[in-house]
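What follows is a set of notes on a single structure, which appears directly below.
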Amino acid sequence: MVRVRAACIGHNRWRMSDPLASLSTLLEPLFANFNGGVPADPTVRPSDRADAQINGALALAKRLGENPRDLAQQVLESGILTDVAADAEVAGPGFINVTFSSSFLESQLAAVVKDKRLGVAIAAEPKIVVVDYSAPNVAKEMHVGHLRSTVIGDSLVRLHEFLGHTVIRENHIGDWGRPFGMLIEHLLDLGEDVVSDGLSQGDLDGFYKQANTKFKDSEEFQDRARDRVVLLQGGDEATLVLWRRLVEMSNSYFQRVYTKLDVLLTDDDLAGESRYQPLMEGVYARLDSAGLLREDAGAMVVFPPGFKNRDGAPLPMIAKSQTGAFMYATSDLACVVDRVERLDADLMLYVIGTPQAQHLQMVFEVCRMAGWLVEPTKAVHVGFGNVLGADRKMMRSRAGDSVKLADLLDEAVERAEVAIAEKNPDIGHEERLVVANMVGIGALKYSDLSTERIKDYVFDWDRMLAFEGNTGPYLQYAHARICSIFRRARIDRASVRSEHIILNQPQERGLAMRLLAYPSAIATTLDSFSPHKLCTYVYELASDFSSFYQECPILKSPEPMRTSRLALADFTAQVLEHSLGLLGITAPEQM
RNA sequence: GCCUCCGUAGCUCAGUGGAUGAGAGCAGCGGGUUUCUACCCCGUCGGUCGCAGGUUCGAGUCCUGCCGGGGGCGCCA
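Position 230 (the first sequence) corresponds to 234 in this note's numbering; numbering is contiguous.
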């Protein structure tokens, strides 16, 4: 006979809203008991054949040398499931299929609908999280690659903030380095006012290309550019004034794009490369005193173990070049040190493309060697793949250039406006513009976020703006549709909130189960810093609602069903709006 | 050459070591609803989960080796 001590079941964990998580928590003491006091995972999983299946008996029986079906039977006979399950049976080699009782689901739901956090608990251990993302280059156009970094980073910021972590956004803009010699000289040649006009209109690429062309064609210009770099790095005040002008002009442009994109980045989040220049000397000295520096081919380097070059020889991280200049790796070291020692970061996320993977691994490894990056402090490369065109190659404009992000945003909004005008002619002109912004930008963001970030993804206007399938507009529409029910019936949503929800129809149960799984969806999303997992959840939620909407009349139902369904719809809208919000997507009330 | 990531339906993509029912959307075909806005539902078509081994009670999932594709591999950032 198995005895379970009630004290083992933590009250708070028991109240976790996800029935699967609750079930797992409920079973843990029993499984530990079976296992001689050692914890054993009950392995509770969603199931197509029931609400949940418990698979842990198989692994445990194997370990104990027992029959898995017998062990599963013991779980049933313990009576532990009687409060939560309407039905439970041993199936196959030793699975337990569990169908939750409606009263159990209703009670879980009753607790959650009153909760402003929609059932999602604040993190038990709040951390300081630094998110490094976006990172455009001064005097260069933002392109579609910056979209990915910006959108993924923005979502990770919102997710961590929601869980109660202290999030520090850092926009590591490219505002330092050799190109600034030529850029400043080009600025002087054209005159500040001319440049200011051009840059404020977003012609950053033109400016950069002109400077580059001049640099290639003119030796005189090259000399001036080189001298100017020396002046810049030497701290010449007149040069710094010009440099600041360039940075400011670019930043104001970036900020306009961020506003249009509806992301959280502001000027306060700027943490460009220039900030770390004064820190590099100190970092270099600390590498030296730690005994990590080696001289190699005239450069000062660190050899992190495990990295090899094309000849199979150890691959160095170059701290200082032959000419005595610090390298970008040194700058990134300084950056880590700054984040760990000044900002007191527990977790650093680098939302940067996958081509930087090896570089970042080397930087992190050198930081560990130097003792700057010590567990439990973590640095994680949140890498992402390329955006591809229909030809499955890197997306290019017709002219063969990389696509300007600003143009992409404008086109998204224009296309959304056309679609809305066509599908909802009744909507007012001003309202249409507002909604077109939400839908266009939302569609763009969602298509970027909804696939596994590490993979390349294929950009397709028609697919991302479709009202069917796993798209932003479909999810926004599910939300708008719920708002529409209340609007038409002239019912205040707040009036049904926290009303008791009755779960009779399978569609109601399914929807309720999904709503209760919101905290788990967020947890698995953050486990791997993968917003697409939250996207999948929101899509499934919207699909579940559509089924419910189809099968369960709301306004025409008699009481108490009518109020119950209104409450269920209202809570669904809340979770839809909130989860889309965590993805950085706004949910309009009509579209 | 070495390292690394990717390879799942015609297309775009999901898939926590769990059931010889591997899913979704789109596209195609056939039907049903057409009511609270564009939806939704049912059926059908479509898969050697790149290939071959291995580990495991159980592998799309873990390991090894191949094949194909992308990226990286010293003084740019």
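All C-beta atoms in this analysis are idealised placements derived from N, C-alpha and C, irrespective of residue type, glycine included.
*Close Cβ partners of His-15 (< 8 Å) along its chain, the five nearest in sequence each way excluded*: Counted from its first residue, the first sequence places residue 15 at position 11. Confidence at His-15 is low in this model, with a pLDDT of 33, below 50, so the placement of that residue is unreliable and no value is reported for it.
*In chain order, what residues of the same chain lie with their CB nearer than 7 Å to the CB of Ala-482, ignoring the 5 residues before and after it?*
Position 478 of the first sequence holds residue 482. Cβ within range, chain order: Ala-546, Phe-549, Ser-550 and Leu-580.
*How would you call Arg-491, buried or exposed, if buried means at least 16 neighbouring beta carbons within 10 angstroms?*
What you label residue 491 is simply residue 487 of the first sequence in a count that begins at 1. Exposed is the call here.
*Other residues of its chain near His-582: CB distance less than 7 Å, five sequence neighbours each side excluded*: Residue mapping note: residue 582 aligns to position 578 of the first sequence, counting from 1. Taken in chain order, the residues that qualify are Leu-122.
*How far does the alpha helix (DSSP H) with Asp-209 in it reach, from first residue to last?*
Translated into positions along the first sequence, residue 209 becomes position 205. 208-221 is the span of the alpha helix (DSSP H), which, as asked, contains Asp-209.
*From what residue to what residue does the beta strand (DSSP E) around Tyr-354 run?*
In the first sequence, the residue the question calls residue 354 occupies position 350. Counting along the chain, the beta strand (DSSP E) containing Tyr-354 begins and ends at 351-355.
*Report the residue from Gly-149, Asn-101, Pro-23 and Asp-119 whose alpha carbon sits nearest the alpha carbon of Ser-107.*
Counting from 1 along the first sequence, the entry for residue 107 is found at position 103. Nearest to Ser-107 by alpha-carbon distance, out of Gly-149, Asn-101, Pro-23 and Asp-119, is Pro-23.
*Identify which residue in Gly-476, Glu-544, Met-565 and Gly-514 has its Cα closest to the Cα of His-504.*
The residue you call residue 504 lines up with position 500 of the first sequence. For the residues Gly-476, Glu-544, Met-565 and Gly-514, the minimum Cα distance to His-504 belongs to Met-565.
_Which listed residue (Leu-274, Val-370, Asp-231 and Asp-55) has its alpha carbon closest to that of Gly-295_ = For this step, residue 295 is matched to residue 291 along the first sequence. Checking every option, the nearest Cα to that of Gly-295 belongs to Val-370.
_Whole angstroms are fine: how far does the CA of Ile-156 sit from the CA of Lys-560?_
Taking the first residue of the first sequence as position 1, residue 560 is located at position 556. Taking the first residue of the first sequence as position 1, residue 156 is located at position 152. Roughly 42 Å separates the two Cα atoms.
*Between which two residues does the beta strand (DSSP E) carrying Ile-172 extend?*
For this step, residue 172 is matched to residue 168 along the first sequence. Element bounds for Ile-172: 170-174.
_Using 8 Å for Cβ pairs, my map puts Leu-520 next to Ser-21. What's the rounded Cβ distance?_
Counting from one through the first sequence, the residue named residue 520 turns up at place 516. Counting from one through the first sequence, the residue named residue 21 turns up at place 17. The pair is a contact, with the Cβ atoms about 5 Å apart (cut-off 8 Å).
*Determine the extent of the alpha helix (DSSP H) in which Phe-575 is found, giving its start and end residues.*
The residue labelled residue 575 in the question sits at position 571 within the first sequence. Per DSSP, Phe-575 belongs to the alpha helix (DSSP H) from 565-586.
*Between Ile-445 and Val-542, what straight-line distance do the alpha-carbon atoms span, to the nearest angstrom?*
Here residue 445 corresponds to residue number 441 of the first sequence, with the count starting at 1. Here residue 542 corresponds to residue number 538 of the first sequence, with the count starting at 1. Cα to Cα, the separation comes out at about 17 Å.
*Given a threshold of 16 other Cβ atoms within 10 Å of its Cβ, counted over all protein chains shown, does Ile-177 qualify as buried or as exposed?*
Here the question's residue 177 lines up with position 173 in the first sequence. Flag for Ile-177 reads buried.
*Looking at C-beta atoms only, is the number of pairs between the region 214-234 and the region 187-196 that lie closer than 8 Å three or more?*
In short, these stretches touch, since the Cβ pair count reaches three.
_Please return the same chain residues whose Cβ sits closer than 6 Å to the Cβ of Lys-131, not counting the five positions on each side in sequence._
Taking the first sequence and counting its residues from 1, one reaches residue 131 at position 127. The answer, listed in chain order, is His-169, Asp-350 and Leu-351.
*Which residues in the same chain as Ser-153 place their Cβ atom closer than 6 Å to its Cβ, once the five residues preceding and following it in sequence are excluded?*
In the first sequence, residue 153 corresponds to position 149, counting from 1. Here the set comprises Tyr-137, Ser-138 and Val-355.
_Looking at Ala-89: is its Cβ nearer than 7 Å to the Cβ of Ile-100?_
The count along the first sequence starts at 1 and reaches residue 89 at position 85. The count along the first sequence starts at 1 and reaches residue 100 at position 96. No, they are not a contact pair.
*From the DSSP output, in three-state form, read off Phe-99 for me.*
Working through the first sequence from its first residue, we reach residue 99 at position 95. Strand.
*How many angstroms separate the CA atom of Ala-484 from the CA atom of Asn-428?*
For the purposes of this step, residue 484 is taken as residue 480 along the first sequence, with counting starting at 1. For the purposes of this step, residue 428 is taken as residue 424 along the first sequence, with counting starting at 1. Rounded to the nearest angstrom, the two C-alpha atoms are 12 Å apart.
*Would you tell me roughly how many angstroms separate the C-alpha atoms of Arg-49 and Ser-325, rounded to the nearest one?*
Sequence index remark: in the first sequence, residue 49 carries index 45 (1-based). Sequence index remark: in the first sequence, residue 325 carries index 321 (1-based). Each residue's Cα considered, the two are about 54 Å apart.
*So what does DSSP say about Arg-253, is it helix, strand or coil?*
The residue you call residue 253 lines up with position 249 of the first sequence. The displayed chain sequence assigns Met, not Arg, to residue 253. Under the three-state reduction of DSSP output, Met-253 falls in the helix class.
*If you draw a straight line from the C-alpha of Asn-313 to the C-alpha of Ala-44, how long is it?*
As a first step, residue 313 must be located in the first sequence, where it is residue number 309. As a first step, residue 44 must be located in the first sequence, where it is residue number 40. Rounded to the nearest angstrom, the two C-alpha atoms are 44 Å apart.
*Under the rule that 16 or more other beta-carbon atoms within 10 Å means buried, what is His-433, buried or exposed?*
Looking up residue 433 in the first sequence gives position 429. Label assigned to His-433: exposed.
*Just the Cα atoms here: how many angstroms apart are Leu-538 and Met-186?*
Position 534 of the first sequence, counting from 1, holds the residue named residue 538. Position 182 of the first sequence, counting from 1, holds the residue named residue 186. Distance between the alpha carbons of Leu-538 and Met-186 is about 45 Å.
_Inter-residue spacing [alpha-carbon to alpha-carbon] between Arg-173 and Thr-86_ = Here residue 173 is taken as the residue at index 169 of the first sequence, counted from 1. Here residue 86 is taken as the residue at index 82 of the first sequence, counted from 1. Their Cα atoms are separated by approximately 48 Å.
_Per DSSP, the bridge partner or partners of Phe-104_ = To locate residue 104, count along the first sequence from 1; it is residue 100. Residue pairing by DSSP puts Phe-104 in a beta bridge opposite Ala-89.
_Bridge partner(s) assigned by DSSP for Pro-50_ = The residue you call residue 50 lines up with position 46 of the first sequence. Looking at the DSSP assignment, Pro-50 forms a beta bridge with Ala-56.
*Can Val-443 and Ala-420 be called in contact, C-beta distance under 7 Å?*
Position 439 of the first sequence, counting from 1, holds the residue named residue 443. Position 416 of the first sequence, counting from 1, holds the residue named residue 420. Contact flag set, yes.
*For Val-407, collect the residues of the same chain with a Cβ closer than 8 Å to its Cβ; drop the 5 residues on either side in sequence, then sort them by chain order.*
In the first sequence, counting from the first residue as 1, residue 407 sits at position 403. Around Val-407: His-147, Val-148, Met-399, Arg-400 and Ser-401.
*Under a three-way DSSP split, which group does Lys-537 fall into?*
Locating residue 537 in the first sequence gives position 533, where the first residue counts as 1. Three-state DSSP puts Lys-537 in a helix.
_On the DSSP bridge list, what partners appear for Ile-188?_
Residue 188 sits at position 184 when you count from the first residue of the first sequence. Checking the DSSP bridge columns, you'll see Ile-188 has no partner listed.
*asked:* Taking the alpha-carbon of Pro-308 as reference, which of Gln-362, Leu-113 and Val-462 has the nearest alpha-carbon?
replied: Numbered from its first residue, the first sequence carries residue 308 at position 304. Minimum Cα distance to Pro-308 is reached at Gln-362.
*Beta-carbon separation (whole angstroms), Leu-469 vs Ala-525, contact threshold 8 Å*: Taking the first residue of the first sequence as 1, we reach residue 469 at position 465. Taking the first residue of the first sequence as 1, we reach residue 525 at position 521. The pair is not a contact, with the Cβ atoms about 25 Å apart (cut-off 8 Å).
*In the structure shown, what three-state DSSP assignment does Ile-156 receive?*
Here residue 156 is taken as the residue at index 152 of the first sequence, counted from 1. Correct three-state label for Ile-156: helix.
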